[in-house]
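**Student:** So the sequence shown is numbered by the working numbering: it starts at 719 and just counts up by one.
Note that CB positions come from ideal geometry on N, CA and C, so glycine has one too.
No experiment lies behind these values; they were computed from the predicted model shown.
Just passing along the structure, written as structure tokens.
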Amino acid sequence: MQVIEPGQVPPGFQGVYGEIVRRTENILQVQNGNAQVTVEVLPEAQIIIPEVPGTARVDQLRQHLEIQRMSKSRGNVVNPDELVQQYGADTVRAYLMFAFDWMKGGPWDSQGIQGVVRWLRDVWEVVHTGAPISHGDVEAGSRQLLRKAHQAIAKVEDGMQRFSFNTAVAALMELKNALVKAQREGNVDAQSWHEAVRIMLLLMAPVTPFMAEELWAREGHSFSVHQQAFPTFDAALAAEDEITLGVQVNGKVRDRITVPATISAEDAKARALASEAVQRYLEGKTPRKVIYVPKNGLVNIVI
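In structure tokens form, the structure reads like this:
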């Protein structure tokens, strides 16, 4: 890739196509076939992009490189067999589901797959380590873990049905984080722990079938994870105990308050008006109107 100072653009310049393997503010490393090209771009420099008239800025160069489709003629094809050999089929499949819109695709980034590698490594570790030694009051922690598990059921099912696979995988990552937290804090009972693990493995089965099958067997289940029914969502278990309300004064958010999820409209308004931050903006004035919108988690105070 050639960096051109303004006013010094040679005719017939051709660009370099490839996969961006590293990027910083002013440096791009582009893999082109077996060769790797390092491009250093000064902020004030401009560059010729094929099929784009005139010269372009650095941010346009990055965008142009990122949106090029893979092509043998451009030497920027990524061989999936090599990735499967290096990372495993589950990792590659999960990364493709997580990183891109299934209809649109996106720029391949070899760095991005490392996030999925870490996720699956954490899943293996947390399930292999097993239920934590519980201490103290475990009721609240157990309820919170099951809440996260049932919220994951809803998110994964919705994501799969809409072919929004990235949101489904993101929900699985959130559930893993909840298990790691519960394991670290030791605030869950064994029954809730194993139920949350069971749900996670069932949800992972369509995404990472090999790992889900292996961990399912290690958990002591008799039959294949792929012979099981999709876990049943329980709205009561998924419901939050508390919610956060945004409090607006004349349309601008001035505070956020945590309240019981079952709070009434009158109590929500009263708590919003009692907020110290809100009182400062009221300046002793009596509100003309107080509106509670539970669907949006919002209290709007009009003065």
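Checking 8 angstroms against the spacing of the C-beta atoms, do VAL887 and ALA956 come in under that value?
**Tutor:** Locating residue 887 in the sequence shown gives position 169, where the first residue counts as 1. Locating residue 956 in the sequence shown gives position 238, where the first residue counts as 1. Contact flag unset, no.
**Student:** Excluding five sequence neighbours on each side, which residues of the same chain lie with their C-beta closer than 6 angstroms to the C-beta of LYS873?
**Tutor:** Position 155 of the sequence shown holds residue 873. Cβ neighbours of LYS873 beyond the five flanking positions: ALA889.
**Student:** Between PHE951 and the rest of its own chain, which residues show a CB-CB distance below 8 angstroms, the 5 nearest in sequence each way excluded?
**Tutor:** Within the sequence shown, residue 951 is the residue found at index 233, counting from 1. Counting only Cβ-Cβ distances below 8 angstroms, and skipping sequence neighbours, we find HIS868, ILE871, ALA872 and GLU875.
**Student:** Using only the alpha-carbon positions, how far apart do GLU784 and GLY824 sit?
**Tutor:** Working through the sequence shown from its first residue, we reach residue 784 at position 66. Working through the sequence shown from its first residue, we reach residue 824 at position 106. With a pLDDT of 48 at GLU784, under the threshold of 50, the modelled position of that residue is not reliable, and the figure given next carries that caveat. Cα to Cα, GLU784 sits roughly 8 angstroms from GLY824.
**Student:** Considering only the alpha carbon of each residue, which of ASP840, LEU1000, LYS1007 and GLU903 lies closest to GLY854?
**Tutor:** Position 136 of the sequence shown, counted from the first residue, corresponds to residue 854. Minimum Cα distance to GLY854 is reached at GLU903.
**Student:** Just list the residues that DSSP pairs LYS822 with in beta bridges.
**Tutor:** Counting from one through the sequence shown, the residue named residue 822 turns up at place 104. Its beta-bridge partners do not exist; DSSP assigns none.
**Student:** Below 8 angstroms on the Cβ atoms is my contact criterion, and I expect VAL856 with VAL906 to pass it. Report the Cβ-Cβ distance as a whole number of Å.
**Tutor:** Start at 1 with the first residue of the sequence shown, and residue 856 comes out as number 138. Start at 1 with the first residue of the sequence shown, and residue 906 comes out as number 188. Their Cβ separation, rounded to whole angstroms, is 6 angstroms, which keeps VAL856 and VAL906 in contact under 8 angstroms.
**Student:** Quick check: the Cα distance between LEU897 and MET918, rounded to an integer number of angstroms?
**Tutor:** In the sequence shown, the residue the question calls residue 897 occupies position 179. In the sequence shown, the residue the question calls residue 918 occupies position 200. LEU897 and MET918: Cα-Cα distance of roughly 10 angstroms.
**Student:** Does the stretch 988 to 999 come close enough to the stretch 962 to 970 that 3 or more CB-CB pairs lie under 8 angstroms?
**Tutor:** In short, these stretches touch, since the Cβ pair count reaches three.
**Student:** What are the residues that DSSP puts in a beta bridge with GLU960?
**Tutor:** Against the sequence shown, residue 960 aligns to sequence position 242. Note: GLU960 sits in a beta bridge opposite PRO978.
**Student:** In three-state terms, what does DSSP make of ARG880?
**Tutor:** Residue mapping note: residue 880 aligns to position 162 of the sequence shown, counting from 1. Correct three-state label for ARG880: coil.
**Student:** For PRO798, which residues from the same chain have a beta carbon less than 7 angstroms from its beta carbon, with the 5 sequence-adjacent residues on both sides left out?
**Tutor:** Counting from 1 along the sequence shown, the entry for residue 798 is found at position 80. Answer for PRO798: VAL810, listed in chain order.
**Student:** Taking the alpha carbon of GLU994 as the reference point, which residue from VAL967, ASN895 and PRO850 has its own alpha carbon closest?
**Tutor:** Here residue 994 refers to the residue found at position 276 of the sequence shown. Looking at the Cα atoms, VAL967 is the closest of the given residues.
**Student:** In whole angstroms, what separates the C-alpha of ALA796 from that of TRP837?
**Tutor:** Here the question's residue 796 lines up with position 78 in the sequence shown. Here the question's residue 837 lines up with position 119 in the sequence shown. Going by the sequence as given, residue 796 is Val instead of Ala. Distance between the alpha carbons of VAL796 and TRP837: 22 angstroms.
**Student:** Can you round the beta-carbon distance between VAL996 and VAL1008 to whole angstroms, since I take them to be within the 8 angstroms contact cut?
**Tutor:** Looking up residue 996 in the sequence shown gives position 278. Looking up residue 1008 in the sequence shown gives position 290. Between VAL1008 and VAL996 the Cβ distance is about 10 angstroms, and since that is not below 8 angstroms, they are no contact.
**Student:** Kindly identify the DSSP beta-bridge partner or partners of LYS1045.
**Tutor:** As displayed, the chain neither begins before 719 nor continues past 1021, which places residue 1045 out of reach and without an answer.
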